[in-house]
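Take 1 as the starting number for the sequence shown in the UniProt record's numbering and just add one per residue. Just so it is clear, CB atoms sit at the ideal spot from N, CA and C, and this is done for glycine as well. Data block below; observations after.
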Amino acid sequence: MEFGDILQDLKKGIYHPIYLLQGEEPYFIDIISEYIEKNVLTDAEKGFNQTVFYGKDSDAINIAESSMRFPMMANKQVIIVKEAQSLNKIELLSSYAEKPLESTILVLAHKYKTVDARSKLVKAIKKNGVILTTKKLYENQVPAWIDKYLKSHDYTITPQAAQLLTSFLGTDLSKVANELNKLVIAVKDSNRITPEHIEKNIGVSKDFNLIELQTALGNKDILRANKIIQYFGSNPTLNPIQKTIAGLYFYYSKLFTYHFLKDKSERSVAAELRVNPYFVRDYISAAKKYSPTKLYEIMGILREYDLKSKGLNVSTMVDSGDLQKEMIHKILH
């Protein structure tokens, strides 16, 4: 089942005997397991009927035996296994999973990896319960997720603001959701979040950030690019060189790919490069300013400064701010 379908069923009071929540993205696993933990039973029922195990401190036999108990003065009992990926011999739960009690809700929060799909346990849960397998979002998918998340809170966000947040926070959805919750509370003058709101409440400059640097480089605006990189050098904690290099490698890789696309229509470019259609013209314009040969050279420059940022082939007297200035100079000349 999909995340949204599972959550919708839970809110309707539709429960299943076993939930295997597994995969690379822990955010969705946490949301469902926390909803079950907080909402299925009343506070009075939880005392006798809700048990939380931790995988590294538990064993499968004990969890199975606990799952076979009947609830006391309640219709359901809830058993949640956190960190189930650390549970030794998890496959021993397969016998229980083949004949689970309808009065038990067993939740296996199996983060960062999956259980072998060929195992008896997975086959039994597919038959008698629910399996959610999560995947990390690509960076280009995060702005759309941000937009959807805010709409569920009756807020909207400009494309520039969503891109700015993604550039700053990355693909960690728990971190992104936490910052969005802060914004929803803090923003009182509008229900549409802008880069100005992000600058004021999160501390990311709307004018001096990685997105603006990419735009300046894409336009070959030397003065603007140098101003931004100067700001980065004076604020190394918020703008570490490793983050700059990663962001620029991601950016220039897309420009390089553009040159070899057969279909260069805006819709096709947006799909192939995995960029927001709102920004696709900027990418096309930038790609036309850089030849494939120059882009290949830039990839080499970024690899060179990645090594230098790690202390290889560079004087200890040179700081990261100076390295970033050198790198941008080589890219633009």
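Cβ atoms of residue j and residue i: under 8 Å apart, would you say?
| i | j | result |
| --- | --- | --- |
| Val176 | Ile146 | yes |
| Leu106 | Ala60 | no |
| Ile229 | Lys325 | yes |
| Thr156 | Leu150 | yes |
| Tyr15 | Gly129 | no |
| residue 354 | Glu102 | No answer is possible for residue 354: the residues shown for the chain start at 1 and end at 333. |
| Tyr27 | Leu10 | no |
| Val78 | Leu121 | no |
| Leu7 | Ile29 | no |
| residue 343 | Met73 | The shown model of the chain, from 1 to 333, leaves out residue 343, and the question about it has no answer. |
| Leu307 | Tyr252 | no |
| Asn235 | Ile328 | no |
| Ser95 | Ala64 | yes |
| Met1 | Leu173 | no |
| Asn201 | Asp154 | no |
| Gly321 | Phe232 | yes |
| Ile301 | Lys330 | yes |
| Leu332 | Tyr305 | no |
| Val204 | Thr171 | no |
| Lys188 | Glu196 | no |
What are the start and end residues of the alpha helix (DSSP H) that includes residue i?
| i | result |
| --- | --- |
| Tyr19 | No alpha helix (DSSP H) holds Tyr19; the beta strand (DSSP E) holding it covers Ile18 to Gly23. |
| Ile331 | Ser320 to Leu332 |
| Lys289 | Val280 to Lys289 |
| Thr244 | Ile241 to Tyr258 |
| Leu132 | Run containing Leu132: none in the alpha helix (DSSP H); it sits in the beta strand (DSSP E), Val130 to Thr134. |
| Thr51 | From DSSP, Thr51 is part of no alpha helix (DSSP H) but of the beta strand (DSSP E) over Gln50 to Tyr54. |
| Lys76 | Segment: none, Lys76 is in no alpha helix (DSSP H) and carries neither H nor E. |
| Arg224 | Ile222 to Ser234 |
| Gly300 | Pro292 to Ser309 |
| Ala144 | Val142 to Lys151 |
| Thr215 | Leu210 to Gly218 |
| Glu266 | Glu266 to Leu273 |
| Gly4 | Phe3 to Lys11 |
| Asn178 | Leu173 to Ala186 |
Applying the 10 Å Cβ sphere with the 16-neighbour rule, what's the burial state of residue i?
| i | result |
| --- | --- |
| Leu210 | buried |
| Gln242 | exposed |
| Thr244 | buried |
| Glu212 | buried |
| Asn276 | buried |
| Pro17 | buried |
| Ile298 | buried |
| Val280 | buried |
| Ile185 | exposed |
| Ala144 | exposed |
| Leu312 | exposed |
| Ala162 | buried |
| Ser268 | exposed |
| Ser152 | exposed |
Starting from residue i, follow the beta strand (DSSP E) in both directions and report where the run begins and ends.
| i | result |
| --- | --- |
| Ala109 | Thr104 to Lys111 |
Looking at the ligand PLP, does it come within less than 7 Å of residue i, judged from the CB to the closest heavy atom?
| i | result |
| --- | --- |
| Thr194 | The model on display carries no ligand, and the ligand PLP is accordingly not part of it. |
Give me whichever residues DSSP pairs with residue i in a beta bridge.
| i | result |
| --- | --- |
| Asn88 | Asp59 |
| Ile193 | Ile157 |
Cβ pair count under 8 Å reaching 3, the stretch 22-37 against the stretch 130-150: yes
Stretch-stretch touch, CB-based, cutoff 8 Å, three pairs: the stretch 282-295 with the stretch 254-271: yes
The stretch 215-223 / the stretch 168-186 touching (three or more Cβ pairs under 8 Å): no
Three or more C-beta pairs below 8 Å linking the stretch 46-61 and the stretch 166-173: no
Stretch pair the stretch 107-121 + the stretch 64-81: three plus CB contacts closer than 8 Å: yes
Three or more C-beta pairs below 8 Å linking the stretch 232-242 and the stretch 262-281: no
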